[in-house]
């Protein structure tokens, strides 16, 4: 008809390419071959075409040129390809990989794929699958990722794949919705040795940044968050930290141990099995951080944050063993404290407060979700260096008011299991104040907002007895020193991090010892976080850390049997970790030591050799 | 444009008990899950709907999951382009072998060179691909033109239309409408002249 006539008419203005006539001939040949196969005849030329496509020899230029011409001709004859009669050539095309070819062949192949996808609905799924497969590079690429030519090839391939996906979604508007389930399906399983999943996630996030992300961004974040969580849970953190369950809450945090040159008590047996996963997780986190940063630069972080929070709520909020994945939220908030930082806290508080709303049936299973939300809120308010004190004070006030309301309506004695939410709320308030007491008390208005706290803590429900002893002890100490109020009863805790009562309110998930934003344990991730993170060593409590030894004698709260341990552990870090100690291992008395300890802490690296700053 | 129809339907929507707090929202959610998909029962792709809840009571299903069924009256906008009907869409890409069109913003339509009538010739004008009619120089098809095409087939799974520009009443919508207006105008003129001379 009209257009095909132009192919046979050399005088037409139709310009097929540089070498007009031979390309036209090729197209005609291809069409004839396809037609004859469709009619049921066997065709030598068709067999030749199938063979050319299956050849995989990058170095042969002649073959490359032949393949190039064939692909171009096929692009021009897409309408003549029949899904039933031309299976061999179609499977050949869908089996090809851009990784194996030179850029000019890549271009022709990509054009063919786009034409196939756009021209007939029957090929759309195959084309999309073929393109997504490139997100998992072949082993020879993974093994040589540091080589320049491999990096160049990766750039050539992935830029064309993304370009093709965008062009297809332009021509076939429903393509993105078909693409997303395929992306989920092809996500590589957790593999200890390969970094493949990191590259795949890199590409997923790049898609999120494109127009496809407008449609499917939420689902992409879900996929990424789920993978982060799964990897996080696979790693045996307890082994790496060598059972930190007895470590003092406010003991000097592990990074100070690194300053000493002490060896971190790492289970070296686990290095081999967990080592690769730790690296993968670290790289994945950094990839995600980079993506969030670029979103922020383009002004999209606010929009992205909603999707990010949804996936956090779905996967991380009710997972109590993840140690690292939650830092994605922390990082996003640190990039944009006024919007995202505020939103995160408010959403968590809303989840906690939604426990008040009337429900048609008594849904017990949600209580751990609410407790988890308030634990996250507490850890976030305590550790977020970028959060202004006024914001922390506002959140605290709402928590205090909520607990005060609860006290007013409740006339019960201590019953940890029945009043879990109340105790977790109180513990949250106390935990935040351990970190922020001084700055809050400095402002009279904020100080006055904390007045109801005394009556809450003195209520029959006795939160001081039930909440985590280490938190209570530190809080009371600071409250006394800061003049907030003085507790008349003495609380003897005796080396306890936790007690039976706290275990009771914490439940089987141990939400009483759940502090999700405790320092991040991965090297590269932590370097992104530490600038915005409040370490315990950075906190200036209301009592003077210098006067520790004198204070202990007349303190009404007896925390520790023996304050100073003469057994400076040369190799006995276990003992130090087991000791419940408010005083830091190294006194601030010595000026030199104080300066060293006040420095930005070094990274924690779960390996046998300590990392220097 | 043919292929679009508005129908009324009486539906029974089953809702999970946990959603009993907000029935309308649950019903809308159920129906929304059918949007932009071909449904055999409706015989078309559901594009939009409007619901009103008919009855106050609902029947609870017996069995493990006590879903309850709410009677609903809905008006549905359906899209089902039958073969040989006409549809209109915007041209998004032109190549010597194909014209790619998007219909109603969601359906991809393609006209291949075999289905383009002889009148149209492929040209490259000012760096732009276009098809120009050899008999009417002003009848040009290029990217951005609204095109009227005849449906050859409709792939329900991917919402893909295979179209044809063979019939004479297909082509650029603006040009065709201008033509028909002029034709109408001519007809009137001829009628007046005939009346005048008789």
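Chains as they are written, first to last, in UniProt numbering: chain A, 1 to 613; chain B, 1 to 198.
Each residue gets a CB set at the ideal place from its N, CA and C atoms; glycine is no exception.
Checklist entry - Residues of chain B with a CB under 8 angstroms from the CB of residue 165 of chain A: which are they? => result For the purposes of this step, residue 165 of chain A is identified with residue 165 of the first chain, where counting begins at 1. For residue 165 of chain A, there are no neighbours in chain B by C-beta distance under 8 angstroms, as the nearest C-beta there is about 15 angstroms away.
Checklist entry - So, are the CB atoms of residue 79 of chain B and residue 61 of chain B less than 8 angstroms apart? => result By 1-based counting over the second chain, the position of residue 79 of chain B is 79. By 1-based counting over the second chain, the position of residue 61 of chain B is 61. Going by beta carbons, residue 79 of chain B and residue 61 of chain B fall outside the 8 angstroms limit.
Next on the checklist: Let me make sure I understand the geometry here. Which of A/283, A/187, A/383 has the alpha-carbon closest to that of residue 524 of chain A?
Outcome noted: Here residue 524 of chain A refers to the residue found at position 524 when the first chain is read from its first residue. Comparing Cα-Cα distances from residue 524 of chain A to each of A/283, A/187, A/383, the minimum goes to A/283.
Item to check | Helix, strand or coil at residue 177 of chain A [DSSP, three-state] | outcome: Taking the first residue of the first chain as 1, we reach residue 177 of chain A at position 177. Collapsing the DSSP output to three states places residue 177 of chain A in a helix.
Next on the checklist: Give me the chain A residues within the contact set of residue 108 of chain B, using Cβ-Cβ distance strictly less than 7 angstroms, ordered along the chain.
Outcome noted: Here residue 108 of chain B refers to the residue found at position 108 when the second chain is read from its first residue. Chain A residues near residue 108 of chain B: 118, 171, 172, 173.
Checklist entry - Of all Cβ atoms in chain A, is any one closer than 8 angstroms to the Cβ of residue 129 of chain B? => result Residue 129 of chain B sits at position 129 when you count from the first residue of the second chain. For residue 129 of chain B, the answer is no, since every Cβ of chain A falls outside 8 angstroms of its Cβ.
Checklist entry - Mind checking if residue 159 of chain B is an interface residue toward chain A, Cβ cutoff 8 angstroms exclusive? => result If you number the second chain from 1, residue 159 of chain B lands on position 159. Taking Cβ atoms only, chain A reaches closer than 8 angstroms to residue 159 of chain B, which makes this a yes.
Checklist entry - Is it the case that the Cβ atoms of residue 115 of chain B and residue 163 of chain B are separated by a distance below 8 angstroms? => result Walking along the second chain from the start, residue 115 of chain B turns up at place 115. Walking along the second chain from the start, residue 163 of chain B turns up at place 163. Yes; because the gap between Cβ atoms is below 8 angstroms, this pair is in contact.
Next on the checklist: Cβ closer than 8 angstroms: which chain B residues qualify as neighbours of residue 124 of chain A?
Outcome noted: By one-based count along the first chain, residue 124 of chain A stands at place 124. Simply 158, 160.
Checklist entry - Residues in its own chain within less than 6 angstroms of residue 574 of chain A by CB, not counting five upstream and five downstream? => result Within the first chain, the letter at position 574 stands for residue 574 of chain A. Legend: pLDDT at residue 574 of chain A = 41, less than 50; position of this residue unreliable, value from coordinates given subsequently. Excluding residues within five positions, none has a Cβ falling inside 6 angstroms.
Checklist entry - Out of curiosity, what's the CA-to-CA distance linking residue 37 of chain A and residue 131 of chain A? => result As a working note, residue 37 of chain A is residue 37 in the first chain. As a working note, residue 131 of chain A is residue 131 in the first chain. Their Cα atoms are separated by approximately 27 angstroms.
Item to check | residue 195 of chain A - DSSP class collapsed to helix/strand/coil | outcome: Locating residue 195 of chain A in the first chain gives position 195, counting from the first residue. Looking at residue 195 of chain A - three-state DSSP - the assignment turns out to be coil, as it is neither helix nor strand.
Checklist entry - If contact means a Cβ-Cβ distance below 8 angstroms, which residues of the stretch 206-218 of chain A contact chain B? => result none
Next on the checklist: Can you pull the chain B neighbours of residue 69 of chain A, defined as C-beta to C-beta under 7 angstroms?
Outcome noted: Here residue 69 of chain A corresponds to residue number 69 of the first chain, with the count starting at 1. Near residue 69 of chain A there are no residues of chain B at all, since even the closest Cβ is about 16 angstroms away, more than 7 angstroms.
Item to check | Alpha-carbon spacing of residue 129 of chain B relative to residue 137 of chain B, whole angstroms | outcome: Numbered from its first residue, the second chain carries residue 129 of chain B at position 129. Numbered from its first residue, the second chain carries residue 137 of chain B at position 137. Their backbone Cα atoms lie some 16 angstroms apart in a straight line.
Checklist entry - Taking Cβ-Cβ distances below 9 angstroms as the criterion, which residues of the stretch 75-91 of chain A are in contact with chain B? => result 75, 76, 77, 78, 79, 80
Checklist entry - Alpha carbon to alpha carbon, how far is residue 631 of chain A from residue 116 of chain A? => result Not covered by the structure: residue 631 of chain A. The range shown for chain A is 1 to 613.
Checklist entry - List, in order along the chain, the chain A residues whose C-beta lies closer than 9 angstroms to that of residue 36 of chain B? => result Counting from one through the second chain, the residue named residue 36 of chain B turns up at place 36. In chain order: 174, 177.
Next on the checklist: Please report the distance separating the alpha-carbon of residue 35 of chain A from that of residue 147 of chain B.
Outcome noted: By one-based count along the first chain, residue 35 of chain A stands at place 35. By one-based count along the second chain, residue 147 of chain B stands at place 147. Each residue's Cα considered, the two are about 30 angstroms apart.
Next on the checklist: Please list, in chain order, the chain B residues whose beta carbon lies closer than 7 angstroms to that of residue 121 of chain A.
Outcome noted: For the purposes of this step, residue 121 of chain A is taken as residue 121 along the first chain, with counting starting at 1. Those are 155, 157, 158, 160, listed as they occur along chain B.
Next on the checklist: Going by beta-carbon coordinates alone, are residue 231 of chain A and residue 167 of chain A separated by less than 8 angstroms?
Outcome noted: Translated into positions along the first chain, residue 231 of chain A becomes position 231. Translated into positions along the first chain, residue 167 of chain A becomes position 167. In this structure, the beta-carbon distance from residue 231 of chain A to residue 167 of chain A does not fall below 8 angstroms.
Checklist entry - In or out: residue 194 of chain B buried (at least 16 other Cβ within 10 Å) or exposed? => result By one-based count along the second chain, residue 194 of chain B stands at place 194. It counts as exposed.
Item to check | Opposing strand residues paired with residue 199 of chain B [DSSP bridges] | outcome: Residue 199 of chain B lies beyond the range of chain B shown here (1 to 198); nothing can be said about it.
Checklist entry - Are residue 455 of chain A and residue 404 of chain A closer than 8 angstroms when you measure CB to CB? => result Numbered from 1 along the first chain, position 455 holds the residue referred to as residue 455 of chain A. Numbered from 1 along the first chain, position 404 holds the residue referred to as residue 404 of chain A. Yes, the pair counts as a contact, with Cβ atoms nearer than the cut-off.
Item to check | Local conformation of residue 298 of chain A per DSSP, three classes | outcome: Residue mapping note: residue 298 of chain A aligns to position 298 of the first chain, counting from 1. In this structure, residue 298 of chain A counts as coil in the three-state DSSP scheme.
Next on the checklist: Using beta carbons (cut-off 8 angstroms, strictly below), is residue 97 of chain B in contact with chain A?
Outcome noted: The residue given as residue 97 of chain B occupies position 97 in the second chain. Yes - at least one Cβ of chain A is within 8 angstroms of the one on residue 97 of chain B.
Checklist entry - Can you tell me where the alpha helix (DSSP H) with residue 125 of chain B in it begins and where it stops? => result Translated into positions along the second chain, residue 125 of chain B becomes position 125. It is not in any alpha helix (DSSP H) - residue 125 of chain B instead sits in the beta strand (DSSP E) that spans 120-125.
Checklist entry - Along the chain, where does the alpha helix (DSSP H) that runs through residue 72 of chain A open and close? => result For the purposes of this step, residue 72 of chain A is taken as residue 72 along the first chain, with counting starting at 1. Per DSSP, residue 72 of chain A belongs to the alpha helix (DSSP H) from 61-75.
Next on the checklist: Quick check on residue 113 of chain B: does DSSP put it in helix, strand or coil?
Outcome noted: To locate residue 113 of chain B, count along the second chain from 1; it is residue 113. Of the three classes helix, strand and coil, the one that applies to residue 113 of chain B here is helix, per DSSP.
Checklist entry - Given residue 226 of chain A, which residues of its chain have a CB within under 6 angstroms of its CB, disregarding the five upstream and five downstream residues? => result Here residue 226 of chain A refers to the residue found at position 226 of the first chain. So the qualifying residues of the chain are 315.
Checklist entry - Which residues share a DSSP beta bridge with residue 524 of chain A? => result Within the first chain, residue 524 of chain A is the residue found at index 524, counting from 1. Answer is none; residue 524 of chain A lacks a bridge partner.
Checklist entry - If you run the structure through DSSP and keep just helix, strand and coil, what is residue 12 of chain B? => result To locate residue 12 of chain B, count along the second chain from 1; it is residue 12. Residue state, collapsed to three classes: strand.
Checklist entry - When DSSP builds the beta bridges, which residues end up paired with residue 421 of chain A? => result Numbered from its first residue, the first chain carries residue 421 of chain A at position 421. Residue 421 of chain A is not bridged to any residue.
Next on the checklist: Quick test of the definition: if touching needs 3 or more C-beta pairs under 8 angstroms, does the stretch 82-92 of chain B touch the stretch 27-42 of chain B?
Outcome noted: no
Checklist entry - If you measure from the beta carbon of residue 92 of chain B to each beta carbon in chain A, is any gap under 8 angstroms? => result Against the second chain, residue 92 of chain B aligns to sequence position 92. So yes, residue 92 of chain B belongs to the interface.
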